[in-house]
Amino acid sequence: MPAAGPLRPGSVDGRARRATVPRRTLADWDGAARRQDPLATILEQDAIRDPDLLAIRHGRMGASPWSYFRGAAAVMAADLASSPNTGIRVHLCGDAHVLNFGLWRTPERNLSFDLNDFDETLPGPFE
0 MPAAGPLRPG
10 SVDGRARRAT
20 VPRRTLADWD
30 GAARRQDPLA
40 TILEQDAIRD
50 PDLLAIRHGR
60 MGASPWSYFR
70 GAAAVMAADL
80 ASSPNTGIRV
90 HLCGDAHVLN
100 FGLWRTPERN
110 LSFDLNDFDE
120 TLPGPFE
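Sequence positions in the sequence shown follow numbering that gives the first Met the number 0 and run 0 to 126.
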């Protein structure tokens, strides 16, 4: 195995930030201490949705735990919002299921496998 080369500037910054938020802190979870009311989160999100479609959305979310999970990304985001993080910001995919990944070519004509659907992305912490 070849010797590792010098760290790129971003890697140095990332490692320095990791010192302030060790990986082990990412496993700590006390949901009761941080949790917003899930219903309040959903109702807050409903304020920006088409009122004529809300009954359909709520009916679908109530069909099963899986349906609720699929419709409640805002609840998960609220749960994770107060988790420790290094401050490194990335574009997060709120709809990262297998059908939203695929092959595509980069501008340099390299083949890449990555997200290919960005309609549910928001900036957020790397962790």
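From the three backbone atoms N, C-alpha and C, an ideal C-beta is built for every residue, glycine too.
Enumerated in chain order, which unbroken segments of the beta strand (DSSP E) with a length of 3 residues or greater are wholly contained in the region 6 to 67? The region 6 to 67 is shown to contain no whole beta strand (DSSP E) run of 3 or more residues.
In this structure, does DSSP put residue 93 in helix, strand or coil? In the sequence shown, counting from the first residue as 1, residue 93 sits at position 94. In the three-state scheme derived from DSSP, where H, G and I count as helix and E and B as strand, residue 93 is classed as coil.
For residue 128, which of helix, strand or coil comes out of DSSP? For the chain, the structure presents residues 0 to 126; residue 128 sits outside this window and is missing.
Helix, strand or coil for residue 113 per DSSP? Residue numbering aside, residue 113 sits at position 114 when the sequence shown is read from its first letter. Judged by DSSP in its simplified three-state form, residue 113 adopts strand.
Buried versus exposed call for residue 74 [16 or more other C-beta atoms within 10 Å across all chains shown]: Within the sequence shown, numbered from 1, the residue matching residue 74 stands at position 75. That one is buried.
If you run the structure through DSSP and keep just helix, strand and coil, what is residue 86? Residue 86 sits at position 87 when you count from the first residue of the sequence shown. Residue 86: coil per DSSP, three-state reduction.
Reference residue 118, options 104, 99, 71 and 126, closest by Cα: As a first step, residue 118 must be located in the sequence shown, where it is residue number 119. The option with the nearest alpha carbon to residue 118 is 99.
Span separating the alpha-carbon of residue 55 from that of residue 122: By one-based count along the sequence shown, residue 55 stands at place 56. By one-based count along the sequence shown, residue 122 stands at place 123. Cα to Cα, the separation comes out at about 28 Å.
Can you grab the Cα-Cα spacing for the pair residue 1 / residue 97, in whole Å? As a working mapping, residue 1 is identified with position 2 in the sequence shown. As a working mapping, residue 97 is identified with position 98 in the sequence shown. Low confidence applies here, because residue 1 scores a pLDDT of 45, under 50, leaving its location unreliable; read the following figure in that light. Taking the straight line joining both Cα atoms gives about 34 Å.
On a Cα-Cα basis, can you pick out the residue from 57, 80 and 84 that is closest to residue 17? Taking the first residue of the sequence shown as position 1, residue 17 is located at position 18. Ranking the options by Cα distance to residue 17, first place goes to 84.
Please state whether the Cβ-Cβ distance between residue 60 and residue 71 is less than 8 Å. Working through the sequence shown from its first residue, we reach residue 60 at position 61. Working through the sequence shown from its first residue, we reach residue 71 at position 72. Yes; because the gap between Cβ atoms is below 8 Å, this pair is in contact.
Selected residue, minimal CA-CA separation from residue 9, among 126, 87 and 94: To locate residue 9, count along the sequence shown from 1; it is residue 10. Closest option to residue 9, Cα to Cα, is 87.
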